[in-house]
Amino acid sequence: MNTQTAPLLSARGLTKHFAIKGGIFAREVHRIHAVDGVSFDIAAGETLGLVGESGCGKSTTGRCILRLIEPSSGEVWFQGRDVTKLDADALRGLRRDMQIIFQDPFASLNPRHTVGGIIGEALIIHGLSRTRAELDDRVVQLLETVGLQPDHRHRFPHEFSGGQRQRIGIARALAVEPKLIICDEPVSALDVSIQAQVINLLEDLQEKFGLTYLFIAHDLSVVEHISDRVAVMYLGRVVEIAPSRELYDNPRHPYTEALLSAVPIPDPLVKRKRIVLQGDVPNPIRPPTGCRFHTRCPIAEARCSQEVPELEQSSDGHWVACHLRR
Amino acid sequence: MTEALLEIKDLKTWFKTDDGMVRAVDGVSMTIARGETLAVVGESGCGKTVTARSVLKLIDMPPGRFEAGQIVWRGRDLIPLPAADMDKIRAREIAMVFQEPMTSLNPVYTVGDQIAESLRTHHGLSRKESIDGAVEMLKLVQIPNAERRVHDYPHQFSGGMRQRVVIAIALACKPQLLIADEPTTALDVTIQAQILELLGDMKAKFGMAIMLITHAMGVVAENAQRVVVMYAGKVVEEAPVEELFGNPRHPYTQGLIRSIPRVDARTRGHARLEQIPGTVPSLLNPPAGCRFANRCRFATDPCRDSEPPLRQVAPNHKVACIL
Ligand SMILES: Nc1ncnc2c1ncn2[C@@H]1O[C@H](COP(=O)(O)OP(=O)(O)OP(=O)(O)O)[C@@H](O)[C@H]1O
Ligand code: SF4
Ligand code: SF4
Ligand SMILES: [Mg+2]
Chain V
30 MNTQTAPLLS
40 ARGLTKHFAI
50 KGGIFAREVH
60 RIHAVDGVSF
70 DIAAGETLGL
80 VGESGCGKST
90 TGRCILRLIE
100 PSSGEVWFQG
110 RDVTKLDADA
120 LRGLRRDMQI
130 IFQDPFASLN
140 PRHTVGGIIG
150 EALIIHGLSR
160 TRAELDDRVV
170 QLLETVGLQP
180 DHRHRFPHEF
190 SGGQRQRIGI
200 ARALAVEPKL
210 IICDEPVSAL
220 DVSIQAQVIN
230 LLEDLQEKFG
240 LTYLFIAHDL
250 SVVEHISDRV
260 AVMYLGRVVE
270 IAPSRELYDN
280 PRHPYTEALL
290 SAVPIPDPLV
300 KRKRIVLQGD
310 VPNPIRPPTG
320 CRFHTRCPIA
330 EARCSQEVPE
340 LEQSSDGHWV
350 ACHLRR
Chain G
115 MTEALLEIKD
125 LKTWFKTDDG
135 MVRAVDGVSM
145 TIARGETLAV
155 VGESGCGKTV
165 TARSVLKLID
175 MPPGRFEAGQ
185 IVWRGRDLIP
195 LPAADMDKIR
205 AREIAMVFQE
215 PMTSLNPVYT
225 VGDQIAESLR
235 THHGLSRKES
245 IDGAVEMLKL
255 VQIPNAERRV
265 HDYPHQFSGG
275 MRQRVVIAIA
285 LACKPQLLIA
295 DEPTTALDVT
305 IQAQILELLG
315 DMKAKFGMAI
325 MLITHAMGVV
335 AENAQRVVVM
345 YAGKVVEEAP
355 VEELFGNPRH
365 PYTQGLIRSI
375 PRVDARTRGH
385 ARLEQIPGTV
395 PSLLNPPAGC
405 RFANRCRFAT
415 DPCRDSEPPL
425 RQVAPNHKVA
435 CIL
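Right, here's the structure in full:
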């Protein structure tokens, strides 16, 4: 997992179990293993993609890093400090450096605040603008940075289209000049023609401000396009990490292989061999023993249901968690 | 082209709202031949679902109304057809599968009962026969342990399995046309692959035509024979699938195809995506002339003056653009 320079962020053994309570005494009756020992590094200026199907734990991972959700165990190292150990004050400071943008831009914007108020809020919290005029200038500048008009700051979120709302969410994240932005399905709710606008904007901003992204999405085409490296998750675990190109040219884990082959290619002349996986993703309350993919894996062997495969390096920068594919 | 099964002619389905008239479907024409898969593709709000629901007359009226046009099903216009006749067509000839499978399932009946009911009404089977038939249908759509699962309720199935159940119910009447409105949009990509494969198998088995509504160009490319591209309540292009992807003629279609990132080799690396600027116009007061003009880089004055008609530019290839 080593990158050339010291990583900006390192997750080590990140784990989140959600307790499901029930009965009259609200005892814990189930435990969902949402994230189970996830480790990865992100270098400064890099985009790490995190892909997997619904419920695999990718959004929970993103939220644990920011401590919007408290991790059950594990470490998150960011600029020499373990985020999981920070007190409330230090955490507030950290949020200047780490921001998040969400899938549903509407749900994440306060409907009663003007766009100017939404973008300016963080500037006020962190004391980044000394006067009203300074605040206003900064908001205008941020709106222009994300391709919106200065007079948009007086309007309310419902007056904007989905793509524009996502731009507002991006402007809000940029306001505090963060180092890292966690992008949680930022284009999934957008139409195809608007997706491209937002993806291009994120790429431009990265270049301009030297941003680092953790880009969480279920759409592999989008992830491969924007990411330098990609981590694939299945049922709470990372099963493979590799540079984007390498992962798509040479997938090692049987799950990655199936996932890639399932992506429809928008070209009727391209005919590929599809690996259609049998069955559904198992219930995370009772995840399969051993390799969690063994119930659907086309090449599973006896030991796959007993021994947990560790994430190991198979070639330079290419990590795989599989007993048979190294 | 072989005999048209369905022919939609200049259909206008509008909605009366507090803000004014929403011209959701505004002069749409398309045909589906027996046994073919026609994809209808376009962005959110362009009128795909309203078109599909119009065919089955599932539009609430009011607020909706058929402003103009015909929906000719096997030689007969459905618009003036009495409700009782329409019920028969919905039950026996045209079936529909929706994006969210729960909308077409009744949560308080077992899936077996729901399939059995469909079998009884269509084929006049007895109770016992129809339950056996339901098990057969569940097997056909590859639901494991069909004998046991036939007694389960919809909520006991996963999203992908539910969509299989819905497909089983739809196919129970052996329809000649299956309208599938975003049948895989709510599903994960590996489950989407399963469902699309299933639809392909079922089509091979039953020979029905499919109207596949989707916003995903990849799904279009891999599943359709012909494609209709819609934009803001209108058809802007229609062509066989290879032709549409190989030689898209409408600037909107071109933009759509170029703006999607692809996992396969040809567009590797951080090559910038082509983007279509701006957003879709409102259907409340759609602009005069070409509805794409405010986003089109080739737009000239004539584009804004009058609406470009859908015209033939090659065999089976129609485009609504003055270029
Ligand atoms: N009952 C209604 N009253 C008013 N407007 C309606 C009604 N139903 C649909 N519309 C409008 O008609 C237009 C077309 O909607 P439609 O649902 O057909 O789009 P679509 O292409 O299926 O989009 P999506 O991809 O989001 O499913 C939209 O502008 C929609 O808001
Ligand atoms: S460890 Fe076994 S079950 Fe898991 S992916 Fe590898 S081969 Fe398949
Ligand atoms: S008619 Fe004009 S505006 Fe419309 S798509 Fe063609 S060139 Fe563009
Ligand atoms: Mg729709």
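Chains as they are written, first to last, in this note's numbering: chain V, 30 to 355; chain G, 115 to 437. Think of the CB as a built atom: it goes at the ideal place given N, C-alpha and C, for glycine as much as any other residue. Being a predicted model, the structure only gives us computed values, none of them experimental.
- Query: Tell me which same chain residues have a C-beta within less than 6 angstroms of the C-beta of CYS435(G), skipping the five on either side of it?
  - Reply: If the five residues before and after CYS435(G) are omitted, its C-beta is found closer than 6 angstroms to the C-beta atoms of HIS364 and PRO422, all from its own chain and listed in chain order.
- Item | Unbroken beta strand (DSSP E) run spanning TYR223(G), endpoints | Neither: TYR223(G) is in no beta strand (DSSP E) and is coded neither H nor E.
- With a CB to CB cut of under 6 angstroms and the five nearest residues on each side skipped, what residues in its chain are close to MET115(G)? In this prediction, MET115(G) has a pLDDT of 46, which is less than 50 and means its spatial position is unreliable; nothing more can be read from the coordinates.
- Item | Range of the contiguous alpha helix (DSSP H) that encloses SER222(V) | In the DSSP annotation of this structure, the continuous segment of the alpha helix (DSSP H) that includes SER222(V) starts and ends at 221-238.
- Message: List, from N- to C-terminal side, the beta strand (DSSP E) runs of 3 residues or more that fit wholly inside the stretch 142-217 of chain G.
- Response: For the stretch 142-217 of chain G, whole beta strand (DSSP E) runs of length 3 or above, ordered along the chain, are 151-155, 178-187 and 208-211.
- Do you know whose CA, among ARG60(V), HIS254(V), GLY319(V) and ASP70(V), lies nearest LEU209(V)'s CA? Ranking the options by Cα distance to LEU209(V), first place goes to ASP70(V).
- Does the stretch 280-293 of chain G come close enough to the stretch 208-224 of chain G to have 3 or more Cβ pairs within less than 8 angstroms? Contact between the stretch 280-293 of chain G and the stretch 208-224 of chain G is present: three or more C-beta pairs spanning the two stretches fall below 8 angstroms.
- Task: Pull up the distance between the alpha-carbon of ARG258(V) and that of GLY156(V), whole angstroms please.
- Result: Here the alpha carbons of GLY156(V) and ARG258(V) stand approximately 35 angstroms from one another.
- Task: For my contact list, SER101(V) and ARG376(G) are in at a C-beta cut-off of 8 angstroms; report their separation, rounded to the angstrom.
- Result: Rounded to whole angstroms, the Cβ separation of SER101(V) and ARG376(G) is 38 angstroms, and the two are not in contact under 8 angstroms.
- Task: State buried or exposed for GLN342(V), treating a residue as buried only when at least 16 other CB atoms are found within 10 Å of its CB.
- Result: So GLN342(V) ends up on the exposed side.
- Measuring CB to CB, does VAL142(G) end up less than 9 angstroms from VAL341(G)? The answer is no: Cβ separation not under 9 angstroms.
- Message: Report the CB separation of CYS333(V) from GLY319(V) in whole angstroms; it is logged as a contact under 8 angstroms.
- Response: At roughly 5 angstroms, the Cβ-Cβ gap stays under 8 angstroms, so CYS333(V) and GLY319(V) are in contact.
- Is the beta carbon of THR393(G) within less than 8 angstroms of some heavy atom of ligand 3? Incorrect: THR393(G) has no Cβ contact closer than 8 angstroms to ligand 3.
- Any heavy atom of ligand 2 within a distance shorter than 8 angstroms of the CB on PRO283(V)? Ligand 2 approaches PRO283(V) closely enough that one of its heavy atoms is under 8 angstroms from the residue's Cβ.
- Would you identify the three-state DSSP class for GLY392(G), choosing helix, strand or coil? In the three-state DSSP reduction, GLY392(G) falls in the coil class, being neither helix nor strand.
- Query: At what residue ranges does the stretch 261-326 of chain V contain a whole run of the alpha helix (DSSP H), taking only runs of 4 or more?
  - Reply: Segments of the alpha helix (DSSP H) lying fully in the stretch 261-326 of chain V: 273-278 and 283-291.
- Give a yes or no on whether 9 angstroms exceeds the smallest Cβ distance from GLU82(V) to chain G. Yes, GLU82(V) lies at the interface with chain G (some Cβ there is under 9 angstroms from its Cβ).
- Query: Is any heavy atom in ligand 3 found nearer than 8 angstroms to the beta carbon of HIS62(V)?
  - Reply: Remark: the C-beta of HIS62(V) is outside contact range of ligand 3, defined as less than 8 angstroms to any heavy atom.
- How would you call ASP111(V), buried or exposed, if buried means at least 16 neighbouring beta carbons within 10 angstroms? In this structure ASP111(V) is exposed. Its beta-carbon is surrounded by fewer than 16 other beta-carbon atoms within 10 angstroms.
- Message: Check this for me: beta carbons of ILE294(V) and ALA353(G), under 9 angstroms apart or not?
- Response: Going by C-beta atoms, ILE294(V) is not nearer than 9 angstroms to ALA353(G).
- Message: Just to check my reading of the structure: VAL261(V) and VAL105(V) have Cβ atoms closer than 8 angstroms, yes? What is that Cβ distance to the nearest angstrom?
- Response: Between VAL105(V) and VAL261(V) the Cβ distance is about 20 angstroms, and since that is not below 8 angstroms, they are no contact.
- Task: Compute the beta-carbon to beta-carbon distance between ILE304(V) and GLU275(V), rounded to the nearest angstrom, for a pair I have assumed lies under 8 angstroms.
- Result: Wrong, their Cβ atoms sit about 19 angstroms apart, outside the cutoff.
- Query: Start and end of the beta strand (DSSP E) containing MET127(V)?
  - Reply: Start and end: 127-130.
- Message: Output needed in chain order: residues of the stretch 126-150 of chain V with a Cβ under 9 angstroms from some Cβ in chain G.
- Response: Within the stretch 126-150 of chain V, no residue has its Cβ closer than 9 angstroms to any Cβ of chain G.
- Task: Identify whether CYS212(V) lies in helix, strand or coil by the three-state DSSP scheme.
- Result: The answer is strand: DSSP assigns CYS212(V) an E or B state.
- Task: Sort out for me which residues DSSP pairs GLU163(V) with in a bridge.
- Result: The bridge partners DSSP lists for GLU163(V) come to none.
- Task: Could you confirm whether any beta carbon from chain G is found closer than 9 angstroms to the beta carbon of ILE223(V)?
- Result: Yes, its Cβ sits closer than 9 angstroms to a Cβ of chain G.
- Would you verify that the beta carbon of LEU264(V) is, or is not, closer than 9 angstroms to some beta carbon of chain G? The beta-carbon of LEU264(V) is placed no less than 9 angstroms from the nearest beta-carbon of chain G.
- Message: Taking only three categories from DSSP, how would you classify SER158(V)?
- Response: In the three-state reduction of the DSSP assignment, SER158(V) falls in the coil class, being assigned neither a helical nor a strand state.
- Task: Just the chain V side, please: which residues come within less than 8 angstroms of GLY274(G) by C-beta, in chain order?
- Result: The contact set of GLY274(G) on chain V, defined by CB atoms closer than 8 angstroms, consists of ASP309 in chain order.
- Message: Given 8 angstroms as the limit, tell me if HIS323(V) has its C-beta closer than that to any heavy atom belonging to ligand 1.
- Response: No, Cβ of HIS323(V) sits at least 8 angstroms from all heavy atoms of ligand 1.
- Going by Cα to Cα distance, which pick from ARG92(V), VAL292(V) and GLU75(V) is closest to VAL64(V)? The residue with the shortest Cα to Cα distance from VAL64(V) is ARG92(V).
- Query: So, helix, strand or coil for GLN426(G), using DSSP?
  - Reply: Strand.
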